[in-house]
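Q: Sharing a structure below in structure tokens format, with a few things to ask.
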Ligand SMILES: Cc1cc2nc3c(=O)[nH]c(=O)nc-3n(C[C@H](O)[C@H](O)[C@H](O)COP(=O)(O)OP(=O)(O)OC[C@H]3O[C@@H](n4cnc5c(N)ncnc54)[C@H](O)[C@@H]3O)c2cc1C
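Numbering (my numbering), first residue to last: 269 to 604.
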């Protein structure tokens, strides 16, 4: 049994910064994440994209932000249970909780802070019967590192920002040898500038654009070799490729946390903005996973929520102690 003051479910940017704020109050944290590495959406979906609205950083790559947050949390020696999803929670007689993961790891904590973002990541997969056979053998649902595709031919599918932006990036920066963008319709859901850019690149022959078409088959032996495309006008086409990257978005699902007795609204956990507490005393929800009037799903808002939640957690864990706000400029960062 892993024991801690605060158990944080979700090691995304908000969970990581919450460790720092809890550490300043001398509260020890342990984080659980279903992904094998910390960083949440920043690490999983867009590590190489610049973010422009983190205070004090005119621009910072999402992956670098996570590295910095890990460094900032380091003095407080957080524990990590990675690659395991939190599946069940049991309230204890002392008011604390025991949270168990998919692999049966148990965690006991006085307070639970849910920083679960979109929930457990589940990419929307195209309905191709043998797609599972090619996962990590030429089929990826998320582009983690564009360098992985250097000199390779890539067939990207989708009509949203992700599909458009990555097609532009891989082709324009000459990372991929060849980029084919396949989309079901002739109109796109992404930003107009990105749509226009893709059309321009296609006209210049930098991207091959195949619209009104769908990838319906994957073929190869130990690795993907080609895809079958069904085109509304031209019928079935075979496109040789090294990679097929369907970017149809992630299915936001709270998963088992949706059955923990928490008040849920539109797939998010309702909180009281006084301290970001949920309807269950001792459980808080911060970052993208929560909802309240005027909620903004932004990293900086999540940082604020985590900061306020740990103040309330302190009062719950130490009802006899008074917490006085101390500036880090005055007190420094005294780790454990
Ligand atoms: C392409 C893109 C661009 C963006 N650009 C910006 C931007 O410029 N500025 C900005 O402020 N925001 C941006 N965002 C939004 C920003 O990424 C999110 O607001 C932020 O990631 C939320 O952080 P979080 O820690 O709350 O959740 P997440 O980053 O979603 O992390 C949550 C973590 O919880 C884990 N988890 C969930 N459920 C469980 C469970 N049951 N057990 C274990 N682990 C669990 C997940 O695996 C995940 O790692 C962008 C988002 C995307 C997709």
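Here a beta-carbon is modelled for each residue, glycine too, at the ideal position from N, C-alpha and C.
Using DSSP bridges, identify the partner residues of residue 323.
A: Taking the first residue of the chain shown as 1, we reach residue 323 at position 55. Answer is none; residue 323 lacks a bridge partner.
Q: CB of residue 297 to nearest heavy atom of ligand 1: below 7 Å?
A: Reading the chain shown from its first residue, position 29 is the one you call residue 297. For ligand 1, not one heavy atom lies less than 7 Å from the Cβ of residue 297.
Q: Go through its chain and collect everything with a Cβ distance to residue 374's Cβ below 8 Å, but skip five positions before and after it.
A: The residue you call residue 374 lines up with position 106 of the chain shown. Answer for residue 374: 269, 270, 366, 367 and 368, listed in chain order.
Q: Measuring from the CB of residue 310, is there a heavy atom of ligand 1 at a distance below 7 Å?
A: Translated into positions along the chain shown, residue 310 becomes position 42. At least one heavy atom of ligand 1 is nearer than 7 Å to the Cβ of residue 310, so yes.
Q: Which word fits residue 454, buried or exposed, when buried means at least 16 other C-beta atoms lie within 10 angstroms of its C-beta?
A: Locating residue 454 in the chain shown gives position 186, counting from the first residue. Exposed, by the Cβ-count rule.
Q: Between the C-alpha atoms of residue 556 and residue 307, what's the straight-line distance to the nearest angstrom?
A: Here residue 556 refers to the residue found at position 288 when the chain shown is read from its first residue. Here residue 307 refers to the residue found at position 39 when the chain shown is read from its first residue. Between residue 556 and residue 307, the C-alpha separation is close to 13 Å.
Q: Compare the C-alpha of residue 346 against each of 413, 387 and 274 and name the closest.
A: As a first step, residue 346 is located in the chain shown; it is residue number 78 there, counting from the start. For the residues 413, 387 and 274, the minimum Cα distance to residue 346 belongs to 274.
Q: Is the closest heavy atom of ligand 3 to the C-beta of residue 371 under 7 Å?
A: With respect to small molecules bound, the structure shown includes ligand 1 and not ligand 3.
Q: For residue 350, collect the residues of the same chain with a Cβ closer than 6 Å to its Cβ; drop the 5 residues on either side in sequence, then sort them by chain order.
A: Position 82 of the chain shown, counted from the start, is the residue given in the question as residue 350. Around residue 350: 301 and 304.
Q: Rounded to the nearest angstrom, what separates residue 496 and residue 282 at their Cα positions?
A: Here residue 496 is taken as the residue at index 228 of the chain shown, counted from 1. Here residue 282 is taken as the residue at index 14 of the chain shown, counted from 1. Their backbone Cα atoms lie some 41 Å apart in a straight line.
Q: Cβ atoms of residue 581 and residue 287: under 8 Å apart, would you say?
A: Walking along the chain shown from the start, residue 287 turns up at place 19. Walking along the chain shown from the start, residue 581 turns up at place 313. No, these two residues do not count as a Cβ contact at 8 Å.
Q: Hey, out of 324, 331, 317 and 583, whose CA is closest to residue 311's CA?
A: As a position in the chain shown, residue 311 is number 43, starting the count at 1. Proximity to residue 311 across 324, 331, 317 and 583 peaks at 331, based on C-alpha coordinates.
Q: My guess is that residue 568 and residue 321 are in contact by the Cβ rule of under 8 Å, so how many angstroms apart are they, rounded?
A: Indexing the chain shown from 1 puts residue 568 at position 300. Indexing the chain shown from 1 puts residue 321 at position 53. Rounded, the Cβ-Cβ distance is 7 Å, consistent with contact.
Q: Does the region 540-560 touch the region 396-416, meaning 3 or more C-beta pairs lie closer than 8 Å?
A: no
Q: Counting beta carbon pairs with one atom in the region 466-474 and one in the region 500-508, are three or more of them shorter than 8 Å?
A: Touching, no, given that fewer than three Cβ pairs across the two stretches are closer than 8 Å.
Q: Using CA coordinates, which residue listed in 313, 278 and 416 is at the minimum distance from residue 518?
A: Taking the first residue of the chain shown as 1, we reach residue 518 at position 250. Residue 313 is the option with its Cα nearest to residue 518.
Q: Helix, strand or coil: how does DSSP classify residue 597 here?
A: Start at 1 with the first residue of the chain shown, and residue 597 comes out as number 329. When secondary structure is reduced to three states using DSSP, residue 597 falls in the helix class.
Q: Which of the three DSSP states, helix, strand or coil, is assigned to residue 557?
A: Mapped onto the chain shown, residue 557 falls at position 289. Helix.
Q: Nearest by alpha-carbon distance to residue 278: which of 433, 485 and 309 is it?
A: As a first step, residue 278 is located in the chain shown; it is residue number 10 there, counting from the start. The shortest Cα separation from residue 278 among 433, 485 and 309 belongs to 309.
Q: Measuring from the CB of residue 323, is there a heavy atom of ligand 1 at a distance below 7 Å?
A: Within the chain shown, residue 323 is the residue found at index 55, counting from 1. Outside the cutoff, so no.
Q: Can you tell me which of the three DSSP states residue 571 falls into?
A: Numbered from 1 along the chain shown, position 303 holds the residue referred to as residue 571. If DSSP states are grouped into helix, strand and coil, residue 571 belongs with the helices.
Q: Return yes when at least one heavy atom of ligand 1 lies under 7 Å from the C-beta of residue 515, else no.
A: Position 247 of the chain shown, counting from 1, holds the residue named residue 515. Checking every heavy atom of ligand 1 against the Cβ of residue 515, none is found closer than 7 Å.
Q: Check the C-beta distance from residue 548 over to residue 564 and give it rounded, since I have them as a contact under 8 Å.
A: The residue labelled residue 548 in the question sits at position 280 within the chain shown. The residue labelled residue 564 in the question sits at position 296 within the chain shown. That pair is no contact at about 24 Å.
Q: Taking 7 Å as the limit between beta carbons, can you name the residues of its chain near residue 442, skipping five residues before and five after?
A: In the chain shown, the residue the question calls residue 442 occupies position 174. Contacts found: none.
Q: Please state whether the Cβ-Cβ distance between residue 475 and residue 383 is less than 8 Å.
A: As a first step, residue 475 must be located in the chain shown, where it is residue number 207. As a first step, residue 383 must be located in the chain shown, where it is residue number 115. No, the Cβ-Cβ distance between residue 475 and residue 383 is not below 8 Å.
Q: Per DSSP, which residues does residue 498 bridge with? Please list them.
A: Taking the chain shown and counting its residues from 1, the one referred to as residue 498 is at position 230. Looking at the DSSP assignment, residue 498 forms a beta bridge with 482 and 504.
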